[in-house]
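A quick write-up on the structure given underneath.
In the working numbering, the protein residues as written are 2 to 69.
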């Protein structure tokens, strides 16, 4: 969540709420232009960003090591 907050504050990433609003408003046109899969990918990515910011999802990092 801190990574997403920092990217939002620095302006390095898009405004996820604004992106969701625009995607929902122009859904039919965007699906016609880009295709269903591309639209769903963009929409899902924006939702993922919002969910990270509000704490519904958490970041995990797994390190795999060979047994010694």
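Yeah, the Cβ is synthetic: ideal placement off N, Cα and C, and Gly gets one too.
Distance, residue j Cα to residue i Cα
i	j	result
residue 41	residue 4	23 Å
residue 20	residue 66	39 Å
residue 60	residue 47	16 Å
Proximal residues to residue i (C-beta, below 6 Å), its chain only, five neighbours per side dropped
i	result
residue 44	24
residue 31	40
Contact under 8 Å by Cβ, residue i with residue j
i	j	result
residue 6	residue 58	no
residue 73	residue 50	An answer regarding residue 73 cannot be provided, because it is not within the stretch 2 to 69 covered by the chain.
Status (buried if at least 16 other CB within 10 Å, exposed otherwise) for residue i
i	result
residue 36	exposed
Cut-off 8 Å between Cβ atoms - residues of its own chain near residue i, not counting five sequence neighbours on either side
i	result
residue 38	none
Practice task
At 3 residues or longer, and completely inside the segment 19 to 64: list those beta strand (DSSP E) runs for me, N to C.
Solution key: Restricting attention to beta strand (DSSP E) runs no shorter than 3 residues, the segment 19 to 64 encloses none.
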